[in-house]
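Before any comments, here is the structure.
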Amino acid sequence: MALLDLPTEHRGIIVVGTGLAGLSAALAAKEAGADVLVIDKAPETSMGGNTRFSGGALRTPSKDVSAADLVAELMQMSSGRANPRIAKVLYDEAESGVQWLRDRGVTILKSDEERPDFRGSKMPWHAKGNGYGLVASLFPNLAKQNIEVRFEAKALDLITAESGAVVGIRIRHQGREVVLMGTVILACGNFQANVEMRTRYLGQGADGLIVRGSRYNTGDGLRMAMNAGAQSTGNWGDFHSAVLDARSSPVEAGETNINTYPHTVMVNLEGRRFVDEGADFFDTTYVTYGKAVLAQPGGRAFCLFDAKAAERGLVYGLRDDFEPIQAGSLSRLAGALGIDATALEKTITEFNAAIGPGEFDPDRRDGKSTVGLVPPKSNWALPLDTPPYFALPVTGGVTFALGGLKTDEWGRVFDTEERLMPGLYAAGEIMGGVFYQKYPGGASLVRSVVFGRIAGRHAAGTLKSIANKPLTKVGT
Numbered sequence: 004m005a006l007l008d009l010p011t012e013h014r015g016i017i018v019v020g021t022g023l024a025g026l027s028a029a030l031a032a033k034e035a036g037a038d039v040l041v042i043d044k045a046p047e048t049s050m051g052g053n054t055r056f057s058g059g060a061l062r063t064p065s066k067d068v069s070a071a072d073l074v075a076e077l078m079q080m081s082s083g084r085a086n087p088r089i090a091k092v093l094y095d096e097a098e099s100g101v102q103w104l105r106d107r108g109v110t111i112l113k114s115d116e117e118r119p120d121f122r123g124s125k126m127p128w129h130a131k132g133n134g135y136g137l138v139a140s141l142f143p144n145l146a147k148q149n150i151e152v153r154f155e156a157k158a159l160d161l162i163t164a165e166s167g168a169v170v171g172i173r174i175r176h177q178g179r180e181v182v183l184m185g186t187v188i189l190a191c192g193n194f195q196a197n198v199e200m201r202t203r204y205l206g207q208g209a210d211g212l213i214v215r216g217s218r219y220n221t222g223d224g225l226r227m228a229m230n231a232g233a234q235s236t237g238n239w240g241d242f243h244s245a246v247l248d249a250r251s252s253p254v255e256a257g258e259t260n261i262n263t264y265p266h267t268v269m270v271n272l273e274g275r276r277f278v279d280e281g282a283d284f285f286d287t288t289y290v291t292y293g294k295a296v297l298a299q300p301g302g303r304a305f306c307l308f309d310a311k312a313a314e315r316g317l318v319y320g321l322r323d324d325f326e327p328i329q330a331g332s333l334s335r336l337a338g339a340l341g342i343d344a345t346a347l348e349k350t351i352t353e354f355n356a357a358i359g360p361g362e363f364d365p366d367r368r369d370g371k372s373t374v375g376l377v378p379p380k381s382n383w384a385l386p387l388d389t390p391p392y393f394a395l396p397v398t399g400g401v402t403f404a405l406g407g408l409k410t411d412e413w414g415r416v417f418d419t420e421e422r423l424m425p426g427l428y429a430a431g432e433i434m435g436g437v438f439y440q441k442y443p444g445g446a447s448l449v450r451s452v453v454f455g456r457i458a459g460r461h462a463a464g465t466l467k468s469i470a471n472k473p474l475t476k477v478g479t
């Protein structure tokens, strides 16, 4: 059926996605006076995109850390490659974004009181009920604002005018195709649940990665936008990962992180250490270390600790059903893990002997480190010498890829000739040019609420009639 023969609806703004970015965009646009329709290819029972599976952590300025500090951190972690204007807006608007969530019924808790595994991090806040609690609390606001939501509505193509402006979107809903005319805000995440795209962009072995988030984030928005002429940017060959319990589900694993690995000794299947477990608090190293685990033989490793650490509650996973493997001696633990006992005992003996003096303090970078050991352990070095001994099997996984669409600080999308594409916005994980190689924990949810709100407000403020523009092409 030709495009002009399809049923057509004229809407002010069409938001694609119901994660934090999409919900924020829809509410902000409605509050600014626009007519808003939200679509999501997931069923309503799977509402919430990747946010639903997150820890709900929010990286914002605090009494000890300024917005400028966080911008500097992001620029340093990206080796200067992050878009500086977007980085500044991200953290300048972070606190107001968190308050905006509170004002709409989301309970925001202090991390240091509710999440001991966040100790020392720059994530002062997290949503009650983690990511699921966040979207479950925010979603009812759409009904209060009379915003229509269509679930199981798959976005197919963007519709463009002769000028290159995006004037609508073609979708499939309830067995029929429909054209929705209006400004489009893409907030439908990245491509991490698409095996073909993972393999194409992230390389050999990426097909087997554990997918931490939504099975519905398969790159539809990226495909549609780039087919319509949008410009890609960022670190397309890299991804957000984490140190995950190796027993996690292959898709929609959720929060199975082992965030307490800085208080362990991490060894690979050969019984050797391979990272500085205590380089920093987990929120600045967990993405890098998740990928470091994947680079080890078999893509697996173990976080080892002893009775002292267990009794002090220093090490634990986030799933009660994933019990640590336990043994009365290192040699027996090695046998249970399939590691050569001689190699493991040598590693631990050398580690224990290299620990220098100093007072252990889990709430600060205590400088209690190893001396002359490669790799070192720079903080929180405690000997493993008190049986029983424990191990948590770990691997890496993928949360989202770091590449995406090129936008300005209002979420407007650029085309491949560096021109803005009127009528097209992007917010959340579909944005590129923000994170490179390393990642500061809690920054992605802040990106979603900040740029979702900005895109929604800006789109509502600049909405123009597009009903009479000639339709000449459809991205395919």
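For the sequence shown, position 328 (counting from the first letter as 1) is numbered 331 according to my numbering, and the numbering increases by one without interruption.
Virtual Cβ for every residue (Gly too), placed ideally from N, Cα, C.
Just so you know, these numbers come straight off a predicted model, no measurement behind them.
- Query: So, is V254 buried or exposed, given that buried needs 16 or more other C-beta atoms within 10 angstroms?
  - Reply: Position 251 of the sequence shown holds residue 254. By the neighbour-count rule (16 or more Cβ atoms within 10 Å), V254 is not buried but exposed.
- Message: Could you pull the DSSP bridge partners for A430 from this structure?
- Response: The residue given as residue 430 occupies position 427 in the sequence shown. Answer is none; A430 lacks a bridge partner.
- Identity of the residues DSSP links to F393 by a beta bridge: Here residue 393 is taken as the residue at index 390 of the sequence shown, counted from 1. Answer is F308 and Q329, bridged to F393.
- Can we say the segment 167-187 touches the segment 438-449, given the rule of at least three CB pairs closer than 8 Å? no
- DSSP state of E199, grouped into three classes? Mapped onto the sequence shown, residue 199 falls at position 196. Note: E199 maps to helix in three-state DSSP.
- For G185, three-class secondary structure by DSSP: Counting from one through the sequence shown, the residue named residue 185 turns up at place 182. In this structure, G185 counts as strand in the three-state DSSP scheme.
- Got a sec, what are the start and stop residues for the alpha helix (DSSP H) D95 sits in? The count along the sequence shown starts at 1 and reaches residue 95 at position 92. D95 -> alpha helix (DSSP H) spans P87 to D95.
- Among T291, Q177 and D241, which residue has its Cα nearest to the Cα of Q206? Locating residue 206 in the sequence shown gives position 203, counting from the first residue. A small correction: the amino acid at residue 206 is Gly; Gln does not occupy that position in the sequence shown. The shortest C-alpha separation from G206 is found at D241.
- Query: Run through DSSP, which three-state label would T373 get?
  - Reply: Residue numbering aside, residue 373 sits at position 370 when the sequence shown is read from its first letter. In the structure shown, T373 sits in a strand (DSSP, three-state: E or B).
- Message: Quick check: G455 and G431, are their CB atoms within less than 8 Å of each other?
- Response: Locating residue 455 in the sequence shown gives position 452, where the first residue counts as 1. Locating residue 431 in the sequence shown gives position 428, where the first residue counts as 1. Taking 8 Å as the Cβ cut-off, G455 and G431 qualify as a contacting pair.
- Task: Examine the Cβ distances between the segment 302-315 and the segment 391-405 and report whether three or more of them are shorter than 8 Å.
- Result: yes
- Could you tell me the distance, in whole angstroms, from the CA atom of K91 to the CA atom of A156? Residue numbering aside, residue 91 sits at position 88 when the sequence shown is read from its first letter. Residue numbering aside, residue 156 sits at position 153 when the sequence shown is read from its first letter. Approximately 35 Å, taken between the alpha carbons.
- Selection from W239, I150 and F154 that minimises the alpha carbon distance to L405: The residue labelled residue 405 in the question sits at position 402 within the sequence shown. Residue W239 is the option with its Cα nearest to L405.
- Where does Y289 sit, in a helix, a strand or coil, going by DSSP? Taking the sequence shown and counting its residues from 1, one reaches residue 289 at position 286. Here Y289 sits in helix by DSSP.
- Which same chain residues, not among the five before or five after K131, have their C-beta less than 7 Å away from its C-beta? Taking the first residue of the sequence shown as position 1, residue 131 is located at position 128. T110 and L112, listed in sequence order.
- Query: Terminal residues of the continuous alpha helix (DSSP H) containing R322?
  - Reply: The sequence position of residue 322 within the sequence shown is 319, counting from 1. Counting along the chain, R322 falls outside any alpha helix (DSSP H), and DSSP gives it neither H nor E.
- Compute the minimum distance between the beta carbon of T54 and the heavy atoms of the ligand ADP, and state whether it is under 7 Å. Looking at this structure, you won't find the ligand ADP or any other ligand, since it has none at all.
- Message: Excluding the 5 residues flanking P425 on each side, which residues of the same chain have their C-beta closer than 6 Å to its C-beta?
- Response: For the purposes of this step, residue 425 is taken as the residue at position 422 of the sequence shown. Cβ within range, chain order: A168.
- Task: Starting from G407, follow its DSSP beta bridges and name the residues at the other end.
- Result: In the sequence shown, the residue the question calls residue 407 occupies position 404. Answer by DSSP bridge pairing, in chain order: T236.
- Opposite V152 in the DSSP bridges: which residues? Locating residue 152 in the sequence shown gives position 149, where the first residue counts as 1. Its beta-bridge partners are V41.
- Of the residues R118, A71, L212 and N86, the one placed nearest R250, counting alpha carbons only: Taking the first residue of the sequence shown as 1, we reach residue 250 at position 247. Nearest option by C-alpha distance: L212.
- Closer than 8 Å by C-beta to P46: which residues in its own chain qualify, once you throw out the five before and the five after it? Chain order, please. Along the sequence shown, one-based indexing puts residue 46 at 43. Answer for P46: F154 and E155, listed in chain order.
- Please list, in chain order, all residues of the same chain as P10 whose beta carbon is under 6 Å from its beta carbon, the five residues on each side excluded. As a working mapping, residue 10 is identified with position 7 in the sequence shown. So the list reads V181, once near-sequence residues are dropped.
- CB of L333 within 8 Å of CB of A357, strictly: Working through the sequence shown from its first residue, we reach residue 333 at position 330. Working through the sequence shown from its first residue, we reach residue 357 at position 354. Not a contact, by the Cβ cut-off of 8 Å.
- Message: Between the segment 407-425 and the segment 31-46, can you find at least three pairs of beta-carbon atoms closer than 8 Å?
- Response: no
- Message: If I follow the unbroken alpha helix (DSSP H) through E116, where does it start and stop?
- Response: The residue given as residue 116 occupies position 113 in the sequence shown. S114 to E117 is the span of the alpha helix (DSSP H), which, as asked, contains E116.
- Message: Closest to P379 by C-alpha separation, out of E353, A233, K147 and N133, would be which residue?
- Response: Taking the sequence shown and counting its residues from 1, the one referred to as residue 379 is at position 376. Looking at the Cα atoms, E353 is the closest of the given residues.
- Euclidean distance between Cα positions of T54 and S27: Within the sequence shown, the letter at position 51 stands for residue 54. Within the sequence shown, the letter at position 24 stands for residue 27. Rounded to whole angstroms, T54 to S27 spans 12 Å at the Cα level.
- Query: Buried or exposed: which applies to P300, given that a residue is buried once 16 or more other Cβ atoms fall within 10 Å of its Cβ?
  - Reply: Locating residue 300 in the sequence shown gives position 297, where the first residue counts as 1. The residue is exposed, with fewer than 16 neighbouring Cβ atoms inside 10 Å.
- Please work out which residues of its chain come closer than 6 Å, Cβ to Cβ, to A282, disregarding the five sequence neighbours upstream and downstream, and give them in chain order. Counting from 1 along the sequence shown, the entry for residue 282 is found at position 279. Closer than 6 Å at the Cβ level, and outside the excluded window around A282, lie T288 and S381.
- Message: Please identify the residue among W383, P327, Y292 and T21 whose C-alpha is closest to the C-alpha of V401.
- Response: Locating residue 401 in the sequence shown gives position 398, where the first residue counts as 1. Closest by alpha carbon: Y292.
- Return yes when the Cβ of Y219 is within less than 8 Å of the Cβ of A190, no when it is not. As a working note, residue 190 is residue 187 in the sequence shown. As a working note, residue 219 is residue 216 in the sequence shown. Not in contact: A190 and Y219 (Cβ atoms no closer than 8 Å).
- Message: Mapping the DSSP letters down to three states, classify N355 as helix, strand or coil.
- Response: As a first step, residue 355 must be located in the sequence shown, where it is residue number 352. Helix.
- Message: Do V296 and V246 count as a contact pair if the criterion is CB distance below 8 Å?
- Response: Within the sequence shown, residue 246 is the residue found at index 243, counting from 1. Within the sequence shown, residue 296 is the residue found at index 293, counting from 1. Their beta carbons are under 8 Å apart, which means V246 touches V296 by this criterion.
- Message: Please classify T350 as buried or exposed, where buried requires at least 16 neighbouring CB atoms within 10 angstroms.
- Response: Your numbering for residue 350 matches position 347 in the sequence shown. So T350 counts as buried.
- Task: Compute the Euclidean distance between the alpha carbons of R14 and E96, then round it to the nearest angstrom.
- Result: As a first step, residue 14 must be located in the sequence shown, where it is residue number 11. As a first step, residue 96 must be located in the sequence shown, where it is residue number 93. Distance between the alpha carbons of R14 and E96 is about 29 Å.
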